[in-house]
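>
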Amino acid sequence: MDGEWKSVAVALLCSAGVSVLLLKWREQQKVKRKLQRAREKREKEVGQAEKAVNRFKTQNAGVDLSSIVTLPLAELSQKIRGGSLRPDTVLHAYIEKAIEVHKKLNCGTAVLTESLKQLEDIESHKDGLLYGIPISIKDNVDYEGYDSTCGVLTKLDDPVIKDSVVVSVLKKQGAIPFIKTNIPQGLLNYECSNPIYGRTVNPCNLQKTCGGSSGGEAALIAGGGSILWLGTDIGGSIRIPAAFCGIYGLKPTNNRISLRGLSSCVKGGKTALSAVGPMARDVESLALCMRALLCTDMFTLDPTVPPIPFNQQVYESSEPLRIGYYENDGYFQPSPSMSRALRETRELLEQAGHTLIPFKPLHMFTAFNEYVGRGNLADGGATLLEHLKPGPVDPCLQHQASHYGLPVFMKRMISLLLRPVYPRIAALMNATCGVSSPADLWKQHKAVEGYIQETLAQWEKLELDVLLCPMLGPAYNFNYTGKLSSALSYTALYNVLNFPVGVVPVTQVTAEDEDQMKHYTGNYGDICDKTFVKAIRGGVGLPVAVQCVARPWQEEMCLRLMREVEKLCVKNKHSKILH
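Counting from 1, one number per residue, gives the positions in the sequence shown under UniProt numbering.
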């Protein structure tokens with residue numbers, strides 16, 4: 001009898017095991033079908049857009065669309081206003097070019113076919129600063145009728161019911177959003193790849209990442225498929241892809257531009273702050289976008305935004321500046337090309353009559369590990385992991401996700417064991433534990449407030465107008481970003497400080513820069529430093545940028561320094577060509 005019961009028990013256990021496996025298989029198939037539908041939907045939109053372009057070209061025989069996408073924004077706007085170019089011609093030109101770039105780089109998530117309907121009403125916005133200008137928007141910026149996926153399955157098949165405030169304002173200013181662009185899974189990574197839409201590559205080198213999280217935007221603009229973009233930055237998400245792809249980007253002060261209608265997988269954090277900002281091919285385009293956004297419409301649609309219009313006088317001033325600078329933040333050693341870019345830019349500014357003052361970022365070990373690391377992962381990564389549960393985790397996020405998913409006691413144990421030998425890695429691991437109570441979170445917020453005030457006092461003591469500092473680069477090889485959160489010290493610091501900061505491309509990686517990497521040891525000589533060498537290997541010819549920083553609410557001063565750097569670099573480049 002006992003034998004019979006054992007047989008029954010075994011049979012039941014086997015049956016239960018088969019049921020679990022079957023259930024798991026069904027869930028996997030469900031996920032695959034969901035992903036497939038999303039990709040097919042995108043391809044259908046691309047096909048519809050191609051047909052629309054072909055129709056337009058047939059109806060307007062002889063029109064040259066290819067020359068339109070080469071025009072700078074200021075000239076394009078002038079031609080539209082002057083009547084020599086029609087908004088419908090410009091839109092079809094950019095749709096055609098964007099599709100061409102997307103097929104090469106995989107940078108789009110949705111083609112907004114409604115943009116063609118917007119043309120019917122475009123003349124009523126003729127007074128808008130962006131009248132007739134096609135623009136691209138990041139995947140997580142809400143556009144009525146479309147998903148804001150953030151690269152996760154939990155937000156797929158969930159179209160938003162109305163436009164975000166920034167999209168509404170841009171439309172009122174005459175701009176025409178026509179494409180949404182790709183992002184990393186969950187947005188908390190700086191390689192642009194996710195299981196829904198795949199990986200976006202760098203237009204400067206297809207074997208390199210375009211950066212993230214606004215990677216699709218940077219790739220599309222650098223590839224010529226867009227002229228102006230709007231996206232978000234919580235640790236470098238505008239600046240990193242801009243630098244990696246060789247274009248310009250601005251992260252404003254948090255809430256200088258409305259955040260209403262922007263999707264996120266980790267809303268609620270108050271230590272490292274997100275901001276909405278533009279990317280473009282030159283500084284003047286960034287300034288034009290800021291002028292267009294900082295208007296009565298935005299202040300009315302979102303009363304929480306301070307009603308501060310763009311200060312053109314500050315932006316256009318030519319008075320000499322007192323500029324702080326640093327080459328190494330003391331936390332993460334810059335690559336040779338980052339250091340050279342900073343030194344060369346500093347020299348150009350000095351030659352132009354500006355005063356350059358050495359500056360040292362305060363308490364970087366604490367600032368990065370406690371405020372950036374623990375601040376962004378106050379919940380230990382639980383909220384992000386919840387969004388990752390239903391589907392596969394992208395390879396670029398695997399390293400992060402595996403660390404976030406460890407039990408807290410294990411994270412603390414690993415941190416304790418590593419501390420004597422690898423203090424930076426130990427501190428980063430400990431930061432992934434998050435905060436243990438509301439009281440600890442309040443202490444963190446208080447500490448950050450003190451840190452901001454201490455930094456501002458340092459600026460006042462040195463009588464600084466602005467700050468020049470290195471920008472992470474060059475673009476990485478694939479699947480390294482998740483292993484190099486420490487390299488974000490150059491960008492994420494300014495999300496904690498909540499200072500406006502912009503990126504200006506100033507040079508390219510040389511063979512000498514590449515050769516000097518043989519002697520790179522890093523500030524700590526740990527696995528992060530060794531991984532960085534592998535990540536940027538093979539970067540000759542890739543763009544390298546610098547960052548321009550101003551105090552909170554002084555975006556115009558930030559753009560002023562950016563414009564000065566841009567002008568001097570262009571002048572220097574022409575001078576070298578002539579000689």
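C-beta atoms are modelled at their ideal positions from N, C-alpha and C, and glycine is treated no differently.
These numbers come from a predicted model, not from an experiment.
1) What number of angstroms, rounded off, separates the C-alpha of Glu350 from the C-alpha of Leu356?
2) Check Phe332 in the structure and name its three-state DSSP category.
3) Out of Pro390, Leu468, Tyr476, Thr531, point me to the one whose CA is closest to Lys32's CA.
4) Anyone know if the C-beta pair for residue 581 and Cys245 falls short of 8 angstroms?
5) What separation, rounded to the nearest whole angstrom, lies between the Cα atoms of Lys126 and Pro134?
6) Smallest Cα separation from Ser318: which of Val435, Lys44, Leu559?
7) Measure the C-alpha to C-alpha separation of Ala287 and Leu468 and round it to an integer number of angstroms.
8) Grab the span of the beta strand (DSSP E) containing Thr355 for me, first residue to last.
9) Pull up the DSSP beta-bridge partners for Arg199, would you.
10) Please report the distance separating the alpha-carbon of Ile414 from that of Pro420.
11) For Asp513, which residues of its own chain have a beta-carbon under 6 angstroms away from its beta-carbon, when the five flanking residues on both sides are left out?
12) The ligand GTP heavy atoms versus the CB of Asn106: any closer than 7 angstroms?
13) By the three-class DSSP mapping on this structure, what secondary structure does Phe310 have?
14) Looking at C-beta atoms only, is the number of pairs between the region 143-153 and the region 185-201 that lie closer than 8 angstroms three or more?
15) Since I believe Cys569 is in contact with Leu342 (beta carbons under 8 angstroms), could you give me their beta-carbon distance rounded to a whole number of angstroms?
16) Taking all protein chains shown into account, do 16 or more other C-beta atoms lie within 10 angstroms of the C-beta of Arg551, making it buried, or fewer, making it exposed?
17) Quick one: does Leu187 have its CB under 8 angstroms from some CB of chain B?
18) Hey, could you find the ends of the alpha helix (DSSP H) residue 600 is sitting in?
19) Mind listing, in chain order, the continuous alpha helix (DSSP H) runs of no fewer than 4 residues lying wholly within the region 411-469?
20) Out of curiosity, what's the CA-to-CA distance linking Thr521 and Asp465?
21) Flag this pair as yes or no: are the beta carbons of Ile536 and Tyr476 separated by less than 8 angstroms?
22) The alpha helix (DSSP H) that contains Phe299, what's its start and end?
23) Excluding the 5 residues preceding and the 5 following Gly434 in the sequence, name in chain order all residues of the same chain whose CB lies nearer than 6 angstroms to its CB.
24) Sorted by chain position, which residues of the same chain lie with C-beta nearer than 6 angstroms to Phe73's C-beta, five sequence neighbours on each side aside?
25) Suppose you measure from the CA of Asn254 to the CA of Asn498; what does that come to, to the nearest Å?
26) Check whether the Cβ atoms of Gln59 and Gly128 sit closer than 8 angstroms, and answer yes or no.
27) State the DSSP-derived secondary structure class of residue 583, mapped to helix, strand or coil.
28) Taking Cβ positions, are Ala275 and Cys289 nearer each other than 8 angstroms?
29) In angstroms, rounded to a whole number, what distance separates the CA positions of Ser115 and Lys461?
30) Going by DSSP, what residue range makes up the alpha helix (DSSP H) through Cys204?
31) Measure the C-alpha to C-alpha separation of Asp158 and Tyr146 and round it to an integer number of angstroms.
32) Excluding five sequence neighbours on each side, which residues of the same chain lie with their C-beta closer than 8 angstroms to the C-beta of Arg42?
33) Could you tell me if Ala382 is buried or exposed, where buried requires 16 or more neighbouring beta carbons within 10 angstroms of its beta carbon?
34) Is the beta carbon of Gly330 less than 8 angstroms from the beta carbon of Pro361?
35) Can you tell me whether DSSP reads Gly145 as helix, strand or coil?
36) On the DSSP letters alone, give me the boundaries of the beta strand (DSSP E) that Ile257 sits inside.
Concretely, from the data shown:
1) Along the sequence shown, one-based indexing puts residue 350 at 350. Along the sequence shown, one-based indexing puts residue 356 at 356. Cα atoms of Glu350 and Leu356: separation of roughly 7 angstroms, rounded to the nearest angstrom.
2) Start at 1 with the first residue of the sequence shown, and residue 332 comes out as number 332. Per DSSP, reduced to three states, the secondary structure at Phe332 is coil, with no helix or strand assignment.
3) Stepping through the sequence shown from its first residue, residue 32 is reached at position 32. Nearest of Pro390, Leu468, Tyr476, Thr531 to Lys32, Cα basis: Pro390.
4) Past the edges of the chain, shown from 1 to 579, lies residue 581, and the structure says nothing about it.
5) Walking along the sequence shown from the start, residue 126 turns up at place 126. Walking along the sequence shown from the start, residue 134 turns up at place 134. If you take the alpha carbons of Lys126 and Pro134, they lie about 14 angstroms apart.
6) By one-based count along the sequence shown, residue 318 stands at place 318. In terms of Cα proximity to Ser318, the closest of Val435, Lys44, Leu559 is Leu559.
7) Within the sequence shown, numbered from 1, the residue matching residue 287 stands at position 287. Within the sequence shown, numbered from 1, the residue matching residue 468 stands at position 468. A direct Cα-to-Cα measurement between Ala287 and Leu468 gives close to 19 angstroms.
8) Position 355 of the sequence shown holds residue 355. Its beta strand (DSSP E) spans residues 355-358.
9) Against the sequence shown, residue 199 aligns to sequence position 199. In the DSSP output, where bridge partners are listed per residue, Arg199 has Ser193.
10) Your numbering for residue 414 matches position 414 in the sequence shown. Your numbering for residue 420 matches position 420 in the sequence shown. Rounded to the nearest angstrom, the two C-alpha atoms are 11 angstroms apart.
11) Numbered from 1 along the sequence shown, position 513 holds the residue referred to as residue 513. Excluding the 5 residues flanking it on each side, Asp513 has same chain C-beta neighbours closer than 6 angstroms at Pro336, Ser337, in chain order.
12) The ligand GTP is not among the ligands present in this structure, which contains no ligands whatsoever.
13) Stepping through the sequence shown from its first residue, residue 310 is reached at position 310. DSSP places Phe310 in coil when its eight states are reduced to three.
14) Because the criterion of three Cβ pairs below 8 angstroms is met, the region 143-153 and the region 185-201 touch.
15) For the purposes of this step, residue 342 is taken as residue 342 along the sequence shown, with counting starting at 1. For the purposes of this step, residue 569 is taken as residue 569 along the sequence shown, with counting starting at 1. That pair is no contact at about 13 angstroms.
16) By one-based count along the sequence shown, residue 551 stands at place 551. That one is buried.
17) Of the protein chains in the structure, only one exists, and it is not chain B.
18) Residue 600 cannot be examined here, being either before or after the span of the chain that is shown, 1 to 579.
19) Listed in chain order, the complete alpha helix (DSSP H) runs (minimum 4 residues) inside the region 411-469 are 423-431, 438-462.
20) Along the sequence shown, read from residue 1 onward, the residue named residue 521 stands at position 521. Along the sequence shown, read from residue 1 onward, the residue named residue 465 stands at position 465. Straight-line Cα distance between these residues: approximately 33 angstroms.
21) Within the sequence shown, numbered from 1, the residue matching residue 536 stands at position 536. Within the sequence shown, numbered from 1, the residue matching residue 476 stands at position 476. Contact annotation: Ile536 and Tyr476 have beta-carbon atoms nearer than 8 angstroms.
22) On the sequence shown, residue 299 is found 299 positions in, with the first residue counted as 1. That run of the alpha helix (DSSP H) goes 296-301.
23) On the sequence shown, residue 434 is found 434 positions in, with the first residue counted as 1. If we look at Gly434 and ignore the five residues flanking it on each side, its Cβ neighbours are Leu377, Ala378, Asp379, Gly380.
24) Here residue 73 refers to the residue found at position 73 when the sequence shown is read from its first residue. Correcting the residue type first, residue 73 is Leu in the shown sequence and not Phe. Cβ neighbours of Leu73 beyond the five flanking positions: Ile227, Ser285.
25) As a first step, residue 254 is located in the sequence shown; it is residue number 254 there, counting from the start. As a first step, residue 498 is located in the sequence shown; it is residue number 498 there, counting from the start. C-alpha of Asn254 to C-alpha of Asn498: approximately 6 angstroms in a straight line.
26) For the purposes of this step, residue 59 is identified with residue 59 of the sequence shown, where counting begins at 1. For the purposes of this step, residue 128 is identified with residue 128 of the sequence shown, where counting begins at 1. Judged by their CB atoms, Gln59 and Gly128 are not nearer to each other than the 8 angstroms cut-off.
27) No statement about residue 583 is possible, as the shown extent of the chain runs from 1 to 579 and does not include it.
28) The residue given as residue 275 occupies position 275 in the sequence shown. The residue given as residue 289 occupies position 289 in the sequence shown. Their beta carbons are not under 8 angstroms apart, which means Ala275 does not touch Cys289 by this criterion.
29) The residue labelled residue 115 in the question sits at position 115 within the sequence shown. The residue labelled residue 461 in the question sits at position 461 within the sequence shown. Taking the straight line from one Cα to the other gives about 51 angstroms.
30) Indexing the sequence shown from 1 puts residue 204 at position 204. No alpha helix (DSSP H) holds Cys204; DSSP gives it neither H nor E.
31) Here residue 158 refers to the residue found at position 158 of the sequence shown. Here residue 146 refers to the residue found at position 146 of the sequence shown. Each residue's Cα considered, the two are about 8 angstroms apart.
32) Locating residue 42 in the sequence shown gives position 42, where the first residue counts as 1. Non-local beta-carbon contacts of Arg42 in its own chain, meaning distances under 8 angstroms to residues more than five positions away in sequence, involve Gly108, Thr109, Ala110, Val111, Tyr197 in chain order.
33) For the purposes of this step, residue 382 is taken as residue 382 along the sequence shown, with counting starting at 1. With fewer than 16 other Cβ atoms within 10 Å, it is exposed.
34) Start at 1 with the first residue of the sequence shown, and residue 330 comes out as number 330. Start at 1 with the first residue of the sequence shown, and residue 361 comes out as number 361. For the 8 angstroms CB-CB criterion, Gly330 and Pro361 form a contact.
35) What you label residue 145 is simply residue 145 of the sequence shown in a count that begins at 1. In the structure shown, Gly145 sits in coil (DSSP, three-state: anything other than H, G, I, E or B).
36) Walking along the sequence shown from the start, residue 257 turns up at place 257. No beta strand (DSSP E) holds Ile257; DSSP gives it neither H nor E.
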